[in-house]
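Below is one structure, written out as C-alpha cells; the observations come after it.
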Amino acid sequence: MSVTYDGTLERAKCPEEAGVDTFVLRDFFDELKKCGYRFKNIMILRKGKVVAECTRYPFVAEMPHTMFSFSKAITAIAIGFAIHEGLLRLDTTIEELFSDSYSEKQMEKNKGITVRHLLNMTAGKSVSLFDNKENGKWLDNYIKSHRYAKPGEKFKYISENTYVLGRMLAKVSGLTISEYLKPRLFEPLKIDIPFWEKDELGFDAGGWGIFMNIEDMAKLGQCFLQKGVWNGVQVIPEGWIDAMTTPYTRGLYGLDAKNLGFGYNTWCGREDGYYRLEGLYSQFIFCYPREEACVVINCSDIKHKTLFDLVDKYFPKAFKDDLPVVSEDITEDFKESLNNFSFNVLPVAPRNFATEKGLNDKIFKMLPLKPATMLPLSSTYMLSSKPGYLNNIKFRFSDDYAEMFWEEKNAGKNVICINFDGKRRISNVHFGDMHTHVLAYGAWREDGKLEIQFYTMEIPEVRTWIVEFNKKKIKIKNSLSPNLYETLDNKYRFEGMKTNIILDTVAKISNLAGNMIFVGTTLRGKLKK
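Counting from 2, one number per residue, gives the positions in the sequence shown under my numbering.
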C-alpha cells in the first residue's frame with residue numbers, strides 16, 4: 002500500500018479506522034507504565050496512518066534525538082543508492098579504494114573485506130569500543146586494527162564497520178553520507194537531519210550519531226513497509242529493502258527472545274517477516290510488513306529485553322482488520338491516558354532565598370577533573386571533540402528560576418536555566434559543533450542542599466546533582482540514570498553475546514570504576530577570589 006503525504010503523517014480518527022484494537026493498545030501502554038520503562042516518544046502506525054502517539058513529559062515530540070546504532074540503517078540505505086548508481090558493488094573491497102593510502106603490510110589485515118562484509122558485520126576486524134575518537138584517525142585505527150577471522154566467517158558487531166562504509170561512499174562520490182542522502186532520501190521524505198556526529202576530518206560517523214525526531218523515524222518506517230516507495234515514487238532503490246532485511250547470519254543470541262538473524266544493519270529473520278531498526282538506549286522501529294504496521298520508539302532506557310518482551314506480547318496481535326469502531330468516549334479516554342505519562346520531575350519546593358542571596362553571581366573554581374562535563378556519558382565516549390574539565394560555576398537567582406553558568410573544554414561558556422516554578426524553560430547548549438537543549442528543574446531540600454535535574458532533550462540520560470554549599474566551598478554529588486552497569490550488561494546482549502556470571506561481574510566492577518573515570522561522581526570547588 003502506498004500513501005501520499007505532504008510532509009506530515011496522516012492521523013487516524015481512532016485506532017480501529019486503520020485496523021488497530023484500542024483495547025490492546027490501552028493494555029500495552031498500561032503495562033508500559035507499570036514496568037516503568039523510560040520511553041520518551043512512541044508512535045504506532047498501520048496502513049499509513051498514525052493510530053497512537055505519546056510523548057512523555059517533559060520531552061517534546063518535535064525535538065530530535067540521537068539515534069546511536071539506528072544510524073547504521075541510514076548508512077546502509079546510502080550504500081544501496083551507491084550500488085544502484087554504479088558507484089559501489091557489494092564485492093567492492095577496502096583494498097580497491099584505500100590501498101594507495103596504506104602500506105601492503107597494513108592492507109594485509111584488510112584483504113578481502115567487501116562492502117557486503119561491512120554491511121552484515123562479518124568483516125573479521127576487532128576494533129575496541131574505547132579507541133580514541135579525538136585523534137581524527139578513525140580510518141587509520143580501523144585499517145591497523147586486529148583481524149580475528151577471515152571475512153565472512155564470523156559475526157561481530159563493530160560500529161566502525163559502518164564508519165568505513167561511509168568513507169568508501171565519500172571516496173567514490175566526494176560526499177558525506179548526509180550530503181549524499183539529502184536529495185535522494187531526506188528531501189523526498191521531508192526529513193530534517195539537524196546533526197550527524199563527525200570525525201575531525203568532517204566525515205559522518207556512519208555507525209552512530211545521527212539525530213532524528215519521532216515523526217521522521219516513523220516516515221522512514223513507513224517507507225520501509227512500502228519497499229522504498231514514497232508518494233508513488235520508488236525513492237529507495239527497488240529490492241534494496243528486501244536485501245537489507247534478509248538475514249545473512251542466524252543463530253545470534255542477542256536480546257530478542259525470537260533469536261533473530263542480522264541483515265544489512267538490520268535485525269531480521271522471523272517467520273512472520275518482522276524486522277527492526279535498532280539503536281542503543283531503545284531507539285527502535287519494529288516493522289510488521291504483513292500487517293502494514295510499525296511501532297516506533299525512542300527512549301532513555303537501556304533494558305531492551307524488557308521492551309522486546311512487552312512489544313512481542315501486544316504486537317502484532319493489536320493489528321486486526323474489520324474491527325468495529327469504538328465510541329468517541331473510549332477513544333478520548335485512551336488519548337487522554339497517553340497524555341498522563343511523565344518522568345519523575347522534581348516538584349516545586351519552598352525557596353531558600355537567604356542562601357540564594359549569598360550565592361548570587363559568585364564563581365566557583367572547580368578542581369580539574371577530565372570527565373566532569375554536562376554532556377551525558379552516552380554522547381561523549383564516541384565524540385570526536387570530547388568536553389570535560391567543567392569549571393567556573395556561577396548561579397544567578399531570580400523569582401521563578403536560576404541561571405547556571407559554567408565553562409568546559411571544547412564547549413566554551415554555556416548557561417542553563419534551572420526552573421524552580423515547575424515551568425518548562427529550555428536552554429540551548431553547545432558542545433563544540435553539537436548543539437543540544439537542556440531542561441533543568443531545581444528544588445531546595447530540607448537539609449539545605451540544592452537538588453537539580455538536568456534533562457538533555459536529545460540524549461538519553463538524566464543527570465542529577467546534589468549541591469552542597471559550605472562557606473566558600475562547593476561539593477556536587479553527580480549521578481546519571483541509566484548507569485554504566487546497565488549499559489554494559491545490555492551491550493553484551495546487543496552485540497549477540499550470551500551473558501554469564503563472569504561478564505556480569507565485569508559489568509558491575511566497570512560500573513564502580515566507570516562512575517569515577519567517566520562520570521565524575523563527586524565534583525569539588527572553592528570560591529574564586
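Backbone N, C-alpha and C fix where the C-beta goes; we use that ideal spot for every residue, glycine too.
As the structure is a prediction and not an experimental result, all values here were calculated from the model.
In chain order, what residues of the same chain have a beta carbon less than 6 angstroms from the beta carbon of residue i, not counting five sequence neighbours either side?
i	result
THR56	ASN42, ALA62
THR9	none
ASN392	MET367, GLU408
GLY423	VAL349
VAL430	ASN415, THR437, VAL439
Look at residue i and residue j and say whether their C-beta atoms are less than 8 angstroms apart.
i	j	result
LYS529	PHE365	yes
GLY175	LYS155	no
PHE285	GLU279	yes
ASP147	SER160	First, the residue type needs correcting, since residue 147 is His and not Asp in the sequence shown. No. Outside cutoff.
PHE40	ASP302	yes
CYS418	ALA441	yes
PHE432	VAL416	no
MET108	ASN162	no
VAL326	CYS15	yes
LEU339	ASP22	no
GLY208	PRO152	no
ILE394	ILE453	no
CYS269	TYR282	no
MET169	THR93	yes
Roughly how many angstroms lie between the CA atoms of residue i and residue j, to the nearest whole one?
i	j	result
GLY167	VAL346	40 angstroms
GLU201	LEU261	36 angstroms
ARG425	THR437	15 angstroms
LEU524	PRO59	27 angstroms
LEU451	TYR289	48 angstroms
ARG251	SER70	20 angstroms
TRP241	ALA74	12 angstroms
MET2	GLN227	Reliability fails at MET2, whose pLDDT of 40 lies under 50, so the model's placement of it is uncertain and no value is given.
PRO377	PRO65	16 angstroms
ALA53	ILE45	5 angstroms
TYR143	VAL25	47 angstroms
VAL173	LEU140	16 angstroms
ASN232	GLU329	31 angstroms
TYR265	THR246	7 angstroms
LYS478	ASP448	14 angstroms
TYR402	ARG352	10 angstroms
LYS363	PHE396	7 angstroms
GLU97	THR67	33 angstroms
Identify whether residue i lies in helix, strand or coil by the three-state DSSP scheme.
i	result
ARG464	strand
ASN142	helix
PHE470	strand
GLN107	helix
LYS35	helix
ILE453	strand
LEU176	coil
ASP434	coil
PHE99	helix
ARG47	strand
CYS15	coil
TYR402	strand
ARG251	coil
PHE553	Look at the range of the chain in this structure, 2 to 530, and you will see that residue 553 is not part of it.
VAL230	strand
ARG168	helix
GLU333	helix
PHE30	helix
Between residue i and the rest of its own chain, which residues show a CB-CB distance below 8 angstroms, the 5 nearest in sequence each way excluded?
i	result
GLU555	Only positions 2 to 530 of the chain appear in this structure, which leaves residue 555 out of reach.
CYS36	THR307, LEU311
ILE192	LEU186, MET213, ASP217, LYS220, LEU221
GLY137	ASP200, GLU201, LEU202, SER385
GLU18	LYS50, VAL52, VAL326
Tell me which residues share the same chain as residue i and place their Cβ nearer than 7 angstroms to its Cβ, disregarding the 5 neighbours each side in the sequence.
i	result
ASP322	GLY20
SER129	none
ASP205	GLY167, THR177, ILE178, SER179, TRP197, LYS199
PHE225	ILE242, CYS288
PHE470	THR356, LEU360
ALA294	LEU46, ARG47, PRO317, PHE320
HIS118	ALA124, PRO152, GLY153
SER482	GLU462, VAL463
VAL468	LYS450, LEU451, ILE453, ILE475, ILE477
ILE80	LEU89, VAL116, LEU120, LEU166, LEU170
Less than 7 angstroms between the CB of residue i and some heavy atom of the ligand FMN, yes or no?
i	result
ILE460	You won't find the ligand FMN in this model; it holds no ligand whatsoever.
Open item on the list: Contact between the region 21-33 and the region 329-339 is defined here as three or more beta-carbon pairs at a separation below 8 angstroms; is this criterion met?
Closed with: The answer is yes - the region 329-339 touches the region 21-33, with three or more Cβ pairs under 8 angstroms.
Open item on the list: Using 8 angstroms as the cut-off, can you tell me whether the region 371-390 makes contact with the region 407-414, which would need three or more C-beta pairs spanning the two stretches below that distance?
Closed with: Yes, since at least three Cβ pairs between the region 371-390 and the region 407-414 fall closer than 8 angstroms, the two stretches touch.
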